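Numbering (the numbering used here), first residue to last: 48 to 652.
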Ligand code: ADP
Ligand code: ASP
Ligand code: MG
């Protein structure tokens, strides 16, 4: 007999008929001899309706009252599902987050789970009852029972956390699609179903906009080794397994917040090539990286910062042994990348920097926690280490620094995050493993981001720590951090521009906050662009495979889509494009990587 946690999303319990269908499935699982815990979301679009009601009353509703309101949706569906189960002769009991002792931080509307007391659930399971638990909610204190919610889409998180706490044999997420597809079928109906995906890949996809699984749920699955499968509640299809490493000895105390970083990596044999003043027009990145791929040069990180006038800077890193070859390619192509719009800028300038190192912090637990990256930057700053490039992903934050400072950097990071051992030369090792995997497993579109840029911040240790420390203090999650390659000296101090993307909902308030900081610290203007879209490709097989970036850029170039920003991590490449071109960009990239199939997915109404 197995213990199974099943989670049903809003669309799966959107009507009386749907609740009855879910009850059938649950009771069948129980009748087969399993202990079943069910986590449900609010019916259909109930939560959206409640949010709208709140905003009809108040333009800025208090977050505590929002939690009181939004948590009611799930209470309706648990009661109805229990009734439906009893109608089928299956004994069941519905319980709220408070009743099963889901304790969280006191951060209303985005609380993280600290712990779950399992005794009551276990008692009811022994009585052969199906336990139906309200997803998305918890309580901040066991005494005052202050209701909190986990953030939109949070029922996935509740389900996986409960599965981890109960040591369930698996957690099944039931939704309105047959599993995890190569992209959102609502935008690309030719998207294809995957039979499995790694946790790291899913973490990236989920946080880059694939809403099918909440990224925090994937974090918990990875950290606690919970076998996780996404399936349709309409069919019997097998769905998609999210493969997690085996369960280790991780403690359940402070479930979602303990140890966000569980590893440090360092690669001190890298070199950086920057091309300054390349034209800001469609096709440039495609040409550059097309030529680089043609010469079989494997690039690691790529960044393209925001444009200045009508030109861009693009920088990338390679392993030291192939620097000469990469340099030759870059130098050969630079004269071709002339800026026709402003001939006076001349041809692109190639800048080489040898002896750089990439140090990274690794772990699942950084999503939505800007404080973790800020802590890394602060530790480096305290050690006097200057950060040249930053690459962020959901499982890793990497900083490119001077190779001479590598040991010092690793030492302070080990201390800051309490990590014992450090992995060396990781890029090369991973390349061997990844050669067996398809380079791209999925693509995603995120239309909920905005871009902020701060002009002319001082290029010296501590700047990133200051900027991202401030953002962390205001709980603003940052993605795609890019510093410009061009350096401007003002009053004898070298300065650069720094740009990053943040959730659109936080855009104006964050701009205002940074404008005040800019006055204090002598930074330049703080520029906001809300009309952006971010398209990304994800795949564990792209490490060590030349030409993946080139293919993505070429697909965009063919449709004359201009790339405004580029960032990469080991297993993803993201481009910022104009908001109006986001959907088109997603479609052409999906096609370019051969992810489209003949089967067309129809999502139940
Ligand atoms: P639920 O209510 O069950 O939690 P969601 O609406 O949160 O369901 O998530 C399911 C939706 O996620 C699908 O209807 C689909 O439009 C969207 N989606 C986005 N990206 C993907 C993807 N890569 N694979 C599957 N579905 C995706
Ligand atoms: N009902 C909540 C929401 O709509 C939680 C969830 O469905 O996962 O966000
Ligand atoms: Mg959902």
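Virtual Cβ for every residue (Gly too), placed ideally from N, Cα, C.
Small disclaimer: the values here were computed from a predicted structure and weren't measured.
Judged by beta-carbon spacing, residue 636 lies within the 7 Å limit of residue 602, meaning their Cβ atoms are closer than that value.
Straight across, the Cα-Cα distance linking residue 228 with residue 492 is about 13 Å. In the pairwise beta carbon analysis, the stretch 239–256 is classified as touching the stretch 408–423: at least three pairs are separated by under 8 Å. Annotated as proximal: residue 86 and residue 206, with beta-carbon spacing under 7 Å. In the three-state scheme derived from DSSP, where H, G and I count as helix and E and B as strand, residue 628 is classed as helix. It is roughly 58 Å from the alpha-carbon of residue 63 to the alpha-carbon of residue 343. Chain order is used for the residues whose beta-carbon lies nearer than 5 Å to a heavy atom of the ligand MG, namely 56, 200.
Scanning the stretch 102–187 for uninterrupted beta strand (DSSP E) segments of 3 residues or longer gives 139–142, 149–151, 160–163, 177–181, 184–186, listed from N- to C-terminal end. Residues 573 of the same chain have their beta carbon placed closer than 7 Å to that of residue 562, with the five preceding and five following residues left out of the count. For the stretch 524–607, the full-length alpha helix (DSSP H) segments reaching 4 residues or more read 554–568, 595–605 along the chain. Residue burial is scored here from C-beta neighbours: residue 649 has fewer than 16 other C-beta atoms within 10 angstroms and is therefore classed as exposed.
Taken from the Cβ of residue 94, at least one heavy atom of the ligand ASP lies inside 6 Å.
Contact annotation: residue 579 and residue 486 have beta-carbon atoms that are not nearer than 7 Å. DSSP assignment within the stretch 380–451 yields the following whole alpha helix (DSSP H) runs of 4 residues or more, N-terminal first: 417–429. In this structure the stretch 432–451 lies against the stretch 497–517, because at least three pairs of beta carbons, one per stretch, are closer than 8 Å.
Rounded to the nearest whole angstrom, the CA to CA distance from residue 443 to residue 591 is 17 Å. Here residue 286 really is in contact with residue 276; their C-beta atoms are around 5 Å apart, less than 8 Å.
For the options 585, 607, 608, 396, the alpha carbon positioned closest to that of residue 618 is the one of 585. Taking 7 Å as the cut-off, the Cβ atoms of residue 212 and residue 150 do not count as close.
Taken through DSSP and simplified to helix, strand or coil, residue 48 comes out as coil. If you draw a 10 Å sphere on the C-beta of residue 523, you find 16 or more other C-beta atoms in it, and that means buried.
About 6 Å separates the beta carbon of residue 417 from that of residue 525, a gap short enough to meet the 8 Å contact definition. As computed with DSSP, residue 53 is found in a beta bridge with 85, 219. According to DSSP, residue 359 shares a beta bridge with 325. Taking a contact as a CB-CB distance under 8 Å, the pair residue 581 and residue 548 counts as one, their CB atoms being some 7 Å apart. Contact check for residue 177 against residue 340 fails: the beta carbons are separated by 7 Å or more. With a threshold of 6 Å, the Cβ atom of residue 89 counts as near the ligand ASP, since some heavy atom of the ligand is closer than that.
Of the candidates 167, 160, 138, the residue whose Cα lies closest to the Cα of residue 175 is 138. When the Cα atoms are used, residue 333 and residue 642 turn out to be separated by approximately 20 Å. Between the alpha carbons of residue 120 and residue 255 lies a distance of about 27 Å. In the DSSP annotation of this structure, the continuous segment of the alpha helix (DSSP H) that includes residue 75 starts and ends at 63–78.
In its chain, beyond the 5 residues on either side, 250, 253, 254, 414, 441 have a beta carbon closer than 7 Å to the beta carbon of residue 262.
Between residue 54 and residue 163 a beta carbon distance of about 15 Å is seen, past the 8 Å cut, so the two are scored as non-contacting. When DSSP reads this structure, residue 314 sits in a beta bridge with 405. Counting C-beta pairs closer than 8 Å gives fewer than three between the stretch 284–299 and the stretch 494–503, which falls short of the contact rule. Where residue 616 is concerned, the enclosing beta strand (DSSP E) starts and stops at 612–616.
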